[in-house]
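Chains as they are written, first to last, in our numbering: chain A, 1092 to 1427; chain B, 1092 to 1427.
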């Protein structure tokens, strides 16, 4: 029998914890035969949730952690002082090899700091970026770095490009993924200093499929598979993308409810829109992977329901089965 | 009689030049009694277009310019070498006081470079930013800088905030406009080095209504009146906003055409959507003003039709009538 993939899940993180997180874990073990899940958090609360479900008891184990880090805490202080928090205990399991991956819908700051301090970077990796899978009109793209390293340097971006390509190829299944650098024009002379410093490194790199600049206008149209930028820009892109879609939907709904005629029309178009909305729903694609660490760290939306947790478990299984950490190690070692 | 506001319009710039540009100029003089327009470009072409319309002949004058700068030319080289181009001739009229403002739908790069080199900055203004009026669910916001100065410094951003506030108050008519700095979180410690350097300057500034950080997610919802950032971030925001809206509309149209039922629904919702689309249409708000110069420079979309030119003329009239240049001068001098 194939060895089980071991995943630590922070049962206490997110707006819907622990109920939806536990539910997602149960759905995941019922869907995947090759996974063992450790639910990390307050034992009594998790037990109570688990009692509602039928599942293979041998493949979900509770790991007690008495503390919870909440979103308002300072990430560095919280990770350092709350050694018995669900995030720290879960991440520590990865560092100690007790788990292959960790999933949390908790504080983004704490997850990122913990990724660096608790899980630890692969030797040779200068910075560990957070990547996000974003839906486009053509499928999905990987936006990297979308939140971990502001003021990153060119050498960091080069590594992000490599790690993003490996992830996209092995976990998302896109062969020879194209990489483009976020820029404010396609011409050679365009860009800020970081773009100008990074461009030659990307051009010289033979292990990625670099296709040049991407203007943000083209991102929703799926211009490239890996969208490369430093974390300030990436975070602005990610949040604006979400915000524009939500503002648009809000205005749209208001317009549909504005008259009897439009209400009737709304009923008729509902089925056609359902599919479209599903395609544009980020939670269909699991969580945001933090790459370059000694194991996978997946950050799910704070608003995650069971579905996103279940899909994130699938992400972690593929990550482990395809030995993405090993591939990153080999790749980074080879280049440095 | 009140003195006429004099506006130089680059008749040769944009995808629809000269036809739509000339048409827009005619519409503008027919709408506004207090404006005189100089149409700058190839005399014979402009004359031919003008021949189609009825208007007050005394208020449109052709200024011949034999050359045209196209979008593919290097902006600095083009501005320096093509002294008889429509952009340079039109901008020179502002520098020499023959016009109060200049409008162009031509090469953005050339307009920006010409703004600095030909029109010239107001004394004390360190950098001249390009601002864009963007539609939100609550009305409009001013995004400044959306394309002129990448790698700007904190002192530049402070001036952008002041100039943006003056524009928003006097031209758009928003009293005591709120200003927020684009950031990747609302907490004090968030941000890149530029944000950290700029934040204290904005907090100390008594002449603006600074309300702190804005996450890009909130921009479409009209979180603040003036959205402040350096030009790399601003350009990414502007283009992603446009790109997301267009991708969304594309997917939406496809969904509506996917079945007979949804096609019927589409017919019913059409009138309700028309209003919504009009509200979200950037061309309803004229062009992007470049501020801090010895006169107003307005950059219209390359795809501008007559409507955007006509509205931009209205922008220029208000700018002049409210003496925005004088107010910027007074404000910058007072502070430096």
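Ideal Cβ positions, reconstructed from N, Cα and C, are used throughout, including at glycine.
Reduced DSSP secondary structure (H/G/I, E/B, other) of residue i
i                       : result
residue 1227 of chain B : strand
residue 1212 of chain A : strand
residue 1270 of chain A : strand
residue 1176 of chain A : strand
residue 1319 of chain A : strand
residue 1356 of chain B : helix
residue 1235 of chain A : strand
residue 1121 of chain B : helix
residue 1326 of chain B : helix
residue 1366 of chain A : helix
residue 1284 of chain B : helix
residue 1247 of chain A : helix
residue 1109 of chain A : coil
residue 1312 of chain A : helix
residue 1168 of chain A : helix
residue 1143 of chain A : coil
residue 1206 of chain B : helix
residue 1241 of chain A : coil
residue 1348 of chain A : coil
residue 1104 of chain B : coil
residue 1188 of chain A : coil
residue 1406 of chain B : helix
residue 1396 of chain A : coil
residue 1295 of chain B : helix
residue 1375 of chain B : helix
Same chain, Cβ closer than 8 Å to residue i, neighbours up to 5 away in sequence not counted
i                       : result
residue 1193 of chain A : 1098, 1099, 1100, 1101, 1181, 1182, 1184, 1185, 1210, 1386, 1387, 1388 and 1389
residue 1111 of chain A : 1105, 1395, 1396, 1397 and 1400
residue 1226 of chain B : 1370, 1371, 1372, 1373, 1375 and 1376
residue 1311 of chain A : 1227, 1228 and 1332
One or two residues paired with residue i in a DSSP bridge
i                       : result
residue 1420 of chain B : Note: residue 1420 of chain B sits in no beta bridge, so no partner.
residue 1195 of chain A : A/1390
residue 1381 of chain B : B/1221 and B/1388
residue 1066 of chain A : No statement about residue 1066 of chain A is possible, as the shown extent of chain A runs from 1092 to 1427 and does not include it.
residue 1306 of chain A : A/1274
residue 1099 of chain A : A/1129 and A/1193
residue 1300 of chain B : B/1269
Close Cβ partners of residue i (< 7 Å) along its chain, the five nearest in sequence each way excluded
i                       : result
residue 1208 of chain B : 1170
residue 1326 of chain B : 1237 and 1238
residue 1403 of chain A : 1194, 1377, 1378, 1389 and 1391
residue 1243 of chain A : 1218, 1236, 1321 and 1322
residue 1411 of chain B : 1096, 1191 and 1192
residue 1144 of chain A : 1117
residue 1131 of chain B : 1099, 1100, 1101, 1102, 1154, 1156, 1177, 1180 and 1181
residue 1259 of chain B : 1233, 1265, 1268, 1316 and 1317
Inter-residue Cα distance where the pair is residue i and residue j
i                       : j                       : result
residue 1135 of chain A : residue 1289 of chain B : 48 Å
residue 1150 of chain A : residue 1240 of chain B : 56 Å
residue 1212 of chain B : residue 1420 of chain B : 10 Å
residue 1331 of chain B : residue 1283 of chain B : 21 Å
residue 1114 of chain B : residue 1155 of chain B : 18 Å
residue 1148 of chain B : residue 1142 of chain B : 11 Å
residue 1343 of chain A : residue 1324 of chain B : 27 Å
residue 1228 of chain B : residue 1341 of chain A : 9 Å
residue 1146 of chain A : residue 1133 of chain A : 20 Å
residue 1189 of chain A : residue 1165 of chain B : 58 Å
residue 1417 of chain B : residue 1329 of chain B : 28 Å
residue 1119 of chain B : residue 1187 of chain B : 23 Å
residue 1201 of chain B : residue 1382 of chain B : 16 Å
residue 1293 of chain A : residue 1203 of chain B : 29 Å
residue 1278 of chain A : residue 1285 of chain A : 15 Å
residue 1345 of chain B : residue 1160 of chain A : 44 Å
residue 1468 of chain A : residue 1137 of chain A : Outside the modelled stretch of chain A, which goes from 1092 to 1427, sits residue 1468 of chain A, for which no answer is possible.
Same chain, Cβ closer than 6 Å to residue i, five either side skipped, listed in chain order
i                       : result
residue 1162 of chain B : 1198
residue 1347 of chain B : 1353 and 1357
residue 1413 of chain A : 1261
Given 8 Å as the limit, is there contact between the segment 1359 to 1368 of chain A and the segment 1351 to 1364 of chain B, that is, 3 or more CB pairs closer than that?
Taking a contact to require three or more Cβ pairs closer than 8 Å, the segment 1359 to 1368 of chain A and the segment 1351 to 1364 of chain B qualify as touching.
The segment 1292 to 1299 of chain A / the segment 1249 to 1257 of chain A touching (three or more Cβ pairs under 8 Å)
In short, these stretches touch, since the Cβ pair count reaches three.
Three or more C-beta pairs below 8 Å linking the segment 1310 to 1322 of chain A and the segment 1269 to 1282 of chain A:
Two segments are said to touch when three or more pairs of C-beta atoms, one from each, lie closer than 8 Å; by this definition the segment 1310 to 1322 of chain A touches the segment 1269 to 1282 of chain A.
May I ask you to verify whether the segment 1200 to 1207 of chain A touches the segment 1404 to 1416 of chain A, counting CB pairs closer than 8 Å and requiring at least 3?
With a cut-off of 8 Å on Cβ pairs, the segment 1200 to 1207 of chain A is not in contact with the segment 1404 to 1416 of chain A, counting fewer than three such pairs.
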